[in-house]
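Using our numbering, the first residue of the sequence shown is number 1, and each one after it goes up by one. Cβ atoms here follow ideal geometry from the backbone N, Cα and C, with glycine treated the same way. Source: prediction; values computed, not measured.
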Amino acid sequence: MECELCGKKTDHLKKVKIDGAVMAVCSDCEKFGTPLENYRNSPIAKKVQSAPTVQVNIRQPPMHPRTPVKRTKKDVNIEELEIVPDFAEIIRLSREGIGLSQEEFAAKIKEKRTSIAAIERGSLKPDIKTARKIELFLKVKLVEKF
Ligand SMILES: [Zn+2]
């Protein structure tokens, strides 16, 4: 028999692990490997044994953004704009400040007088589009971003 590492002929080959491979080696080369009987308990063996588990984790497909995430983002964009809580008072004071009646003001921004009356009472919250018109006309701030 020959040592698989140095090629020396010997009657007493011992099986050891060298770089993860089992080799039959002579007593001189034995020290380069890990004896098989101790191999299972060596730190290297534990590392090798745990490797398949690690590979499974690595091979899991990466998480892809799902549809609900996209929808949430869109909702947030819409909800970013909000009418200020005291819109009624701001509009009424600004309108009175430039000396317009509700009817005149409504005509200027192409809204119904009843709508303006309801908005100034605080019973109707203007939508963003209407609020933008009022903002431009009265030069006030009615829409705020969150
Ligand atoms: Zn040898």
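query, result
"Neighbour flag for residue 133 against chain C, beta carbons, 7 Å", "The structure shown contains no chain C, having only a single protein chain."
"Proximity of residue 146 and residue 89 at Cβ, strictly below 7 Å", "no"
"Distance between residue 102 and residue 109 (C-alpha atoms, nearest Å)", "11 Å"
"Proximity test, residue 16 beta-carbon vs ligand 2 heavy atom, cut-off 6 Å", "Inclusion of ligand 2 in the displayed structure is not the case, the ligand content consisting of ligand 1 alone."
"Cβ pair residue 82, residue 144 closer than 7 Å", "yes"
"Distance cut-off 6 Å: residue 8 Cβ against heavy atoms of ligand 1", "yes"
"Residues that residue 81 bridges to, as DSSP identifies them", "145"
"Outcome for residue 135 when other beta-carbon atoms lying within 10 angstroms are tallied against a minimum of 16", "buried"
"Pairwise C-alpha distance: residue 19 and residue 2", "19 Å"
"Residue 13 Cβ short of 6 Å to ligand 1 heavy atom set", "no"
"Buried/exposed call for residue 30, threshold 16 Cβ in 10 Å", "buried"
"Exposed unless 16 or more other CB atoms sit within 10 angstroms - verdict on residue 7", "exposed"
"Residue 71 versus residue 113 - alpha carbon distance", "Reliability fails at residue 71, whose pLDDT of 49 lies under 50, so the model's placement of it is uncertain and no value is given."
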